[in-house]
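**Q** Note that the working numbering has the first sequence beginning at 605, numbered continuously upward.
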Amino acid sequence: MLQVQYIRENKEAVIDGLKKRFFDATAAVERVLELDDKRKSIQNKLDNSLADQKRIASEIGGLFKQGKGAEANDMKSKVAQMKKDSKEFSLELVETTDALQSELYNIPNVPHKKVVAGKSEDDNEVVYEQGDIPEMNKEALPHWEIAAKYDIIDFELGVKITGAGFPVYKGKGAKYQRALINYFLDKNTDAGYKEIQVPLLVNEASGYGTGQLPDKEGQMYHCNVDDLYLIPTAEVPVTNMFRDKILMEDDFPVKSTAYTPCFRREAGSYGAHVRGLNRLHQFDKVEIVQLQHPDKSWEALDLMVEHVKGILTELGLPFRILRLCGGDTGFTSAMTYDFEVYSAAQKRWLEVSSVSNFLTYQSNRLKLRYTAKDGKRYLAHTLNGSSLALPRILAALLENYQTADGVEIPDVLKPYTRFDYIA
RNA sequence: GGAGAGGUGGCCGAGUGGUUUAUGGCGCACGCCUGGAAAGCGUGUUUUCUGGGAACGGAAUCGGGGGUUCGAAUCCCUUUCUCUCCGCCA
């Protein structure tokens, strides 16, 4: 969430910036400032009342000590009304703080100045394109047919075991996926990211920390008995490792990478465009997360984009990079780049990575701070991105590398797969 | 799952209702001392909110939440986590 102080000092800029999301924040900003003023004045009254009570309590203590019980009992009656008042103040304070909090939860991050206004994905800007769109012959198969032909991914079997959106990878399909995971993790650790293995179930506090709760509750699977959520992305456990942390300025950058399965309910989305591996309830993803000094986060975002670019280049997939418009940029992000690879047989672009800078929006909620050289504490910046999401990469690799005799493996992956060909 | 013991500051560790300050130690920072250093001595050292230009104040904070009391680290309720023993288990 945004910081009240930031909103106060940049009121117009916040309102203007959010217009790029077609989000009218005028009223919400006013309410935030009013609630914050109210909170301060109540806090003041409460503090004063408590200070008086504290003083009297110690006076009573002194009187008892001196054996002046009668005087002490007189003073006790004086405190009764003060106690009543302070009780009321503290209830009011909680109420006001809660109201302020929920106003703040409902205001999205302010897009960076480079982000263009726009309502939907149609307004996203293509900022980079690489690789030729492959010319496939008419017999070129979409990946779900390739998967069936070579018996490497079984969608029906997944339906039997669990339900739609939970494919079973078999033989070289399973190995291919494992090879990709290892390859991605190696690329990330080579770039200085520390490899982490995290829990796949998280508690409520973690869900709030990264903003999945309370708004997107329906998108996560929930284990009711234990009140735990299956992670929709490694971002949740990895970022929450640093919840309530105070780092030293020299600790930056903190770079983490983790492979995890991801679980998403994706309610109501069925049909042709979610066929095969295009959209699943369970999928694998390798994530990169950075904690950054506020002065360095934009540079870090660019480097993360370059990093993902490098991987896609090695895989030999044609791709493009989009800078998302205001309306398509995630609620918590100030700027997001999406990577899309071209799926030759489906003749469409598939999103395989999303790289974002959240500035202090996440860290404010996480209470993730650092101590600067001047001894003061500031919120850190957080960034994350996928490098990469497996299923659509696998789909594109299967489709783009198919030949009449089988599916070739990109050279860079051969040491990982330990086979050169799927036939 | 059963029984028991615990959670105190950056760390260790004392503290069974009341002295305006949570004992003491370690670590860390600064100062004194020194030719320089160590030792020694002195000062400071949780975090959050809040008043103030600042100096300097006020409030909260002893795992979390609630209660009793004029007053709670201390008593009561609740919750969570850790440890020990037993049981189960890859």
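Heads up, the beta-carbon is just placed ideally off N, CA and C, and yes, glycines get one too.
Would you check if the distance between the CB atom of K779 and the CB atom of T1007 is smaller than 7 Å?
**A** Cβ distance not < 7 Å, so K779 and T1007 don't count as in contact.
**Q** Does the separation of the CB atoms of R996 and L928 fall below 7 Å?
**A** Their beta carbons are not under 7 Å apart, which means R996 does not touch L928 by this criterion.
**Q** Tell me whether G767 is buried or exposed, calling it buried when 16 or more other Cβ atoms sit within 10 Å of its Cβ.
**A** The residue in question, G767, is exposed, as its Cβ has fewer than 16 Cβ neighbours within 10 Å.
**Q** Check for me: the beta strand (DSSP E) holding H911 runs from which residue to which?
**A** Here H911 belongs to no beta strand (DSSP E); instead the alpha helix (DSSP H) covers 901-919.
**Q** Excluding the 5 residues flanking A838 on each side, which residues of the same chain have their C-beta closer than 6 Å to its C-beta?
**A** Same-chain partners within the cutoff: A862, T864, E891.
**Q** Once DSSP output is grouped into helix, strand and coil, what is the label at N961?
**A** Residue state, collapsed to three classes: strand.
**Q** Near L963, what residues of its chain come up, given a Cβ to Cβ distance below 6 Å and the 5 sequence neighbours on each side ignored?
**A** Closer than 6 Å at the Cβ level, and outside the excluded window around L963, lie A938, H985.
**Q** Taking Cβ to Cβ, would you say L881 is nearer than 7 Å to G769?
**A** No; because the gap between Cβ atoms is not below 7 Å, this pair is not in contact.
**Q** Residue range of the beta strand (DSSP E) that G989 falls in?
**A** Here the beta strand (DSSP E) through G989 covers 985-993.
**Q** D656 by DSSP, collapsed to three states: which one?
**A** Reduced to three states, the DSSP call for D656 is helix.
**Q** Bridge partners for T940 per DSSP, in chain order?
**A** Answer is S960, bridged to T940.
**Q** Can you name, in chain order, every residue of its own chain whose Cβ lies under 8 Å from the Cβ of Q657, other than the five neighbours on each side?
**A** Closer than 8 Å at the Cβ level, and outside the excluded window around Q657, lie V683, M686, K687, S690.
**Q** How far does the beta strand (DSSP E) with V730 in it extend, from its first residue to its last?
**A** Residues 729-734.
**Q** So L926 is in the alpha helix (DSSP H); what residue range does that whole segment cover?
**A** Careful: L926 lies outside any alpha helix (DSSP H), inside the beta strand (DSSP E) at 923-927.
**Q** For my contact list, I835 and F867 are in at a C-beta cut-off of 8 Å; report their separation, rounded to the angstrom.
**A** Correct: roughly 7 Å between the Cβ atoms.
**Q** Assuming G777 and A795 make a contact with CB atoms under 8 Å, what is their CB distance in whole Å?
**A** G777 to A795, Cβ: 28 Å. No contact.
**Q** So the candidates are N1004, T917, T936, G989; which of them puts its Cα closest to the Cα of D716?
**A** Before going on, a small fix: residue 716 reads as His here, not Asp. It is T936 whose Cα lies nearest to the Cα of H716.
**Q** Would a C-beta distance cut-off of 7 Å place T814 and T843 closer than the cut-off?
**A** Cβ atoms of T814 and T843: closer than 7 Å.
**Q** Can you tell which of I756, E870, M845, V731 has the C-alpha that lies nearest to the C-alpha of S860?
**A** When each option's Cα is compared against that of S860, the closest is M845.
**Q** Three or more C-beta pairs closer than 8 Å, one from the region 916-928 and one from the region 944-954: is that the case here?
**A** Short answer: they touch.
**Q** Taking the DSSP output, what are the residues bridged to S860?
**A** DSSP, once it has assigned bridges, lists K798, V893 as partnering S860.
**Q** Kindly indicate the opening and closing residues of the alpha helix (DSSP H) around Y610.
**A** Segment 608-613, the alpha helix (DSSP H) holding Y610.
**Q** Taking 7 Å as the threshold (C-beta atoms), are A949 and E1003 in contact?
**A** A contact, by the Cβ cut-off of 7 Å.
**Q** Which partner residues of P865 appear in the DSSP bridge assignment?
**A** According to DSSP, P865 bridges with D888.
**Q** Need the endpoints of the alpha helix (DSSP H) that I765 sits in, please.
**A** From DSSP, the alpha helix (DSSP H) with I765 extends over 759-765.
**Q** Whose CA, out of E616, N961, K889, lies closest to the CA of D899?
**A** When only C-alpha atoms are compared, the closest one is N961.
**Q** Buried or exposed for L634, going by 16 or more other Cβ atoms inside 10 Å?
**A** Per the sequence presented here, residue 634 reads as Glu, with Leu not at that position. Looking at its Cβ environment, which holds fewer than 16 other Cβ atoms inside 10 Å, E634 is exposed.
**Q** Go through its chain and collect everything with a Cβ distance to L851's Cβ below 6 Å, but skip five positions before and after it.
**A** Cβ neighbours of L851 beyond the five flanking positions: Y974.
**Q** Would you tell me roughly how many angstroms separate the C-alpha atoms of D702 and R643, rounded to the nearest one?
**A** Going by the C-alpha atoms only, they are around 10 Å apart.
**Q** Got a sec? Which residues, its chain only, sit under 6 Å from V909 by beta carbon, not counting five neighbours each side?
**A** These residues qualify, in order along the chain: Y941, V959.
**Q** Report yes if the CB atom of A783 is closer than 7 Å to the CB atom of K624, and no otherwise.
**A** Not a contact, by the Cβ cut-off of 7 Å.
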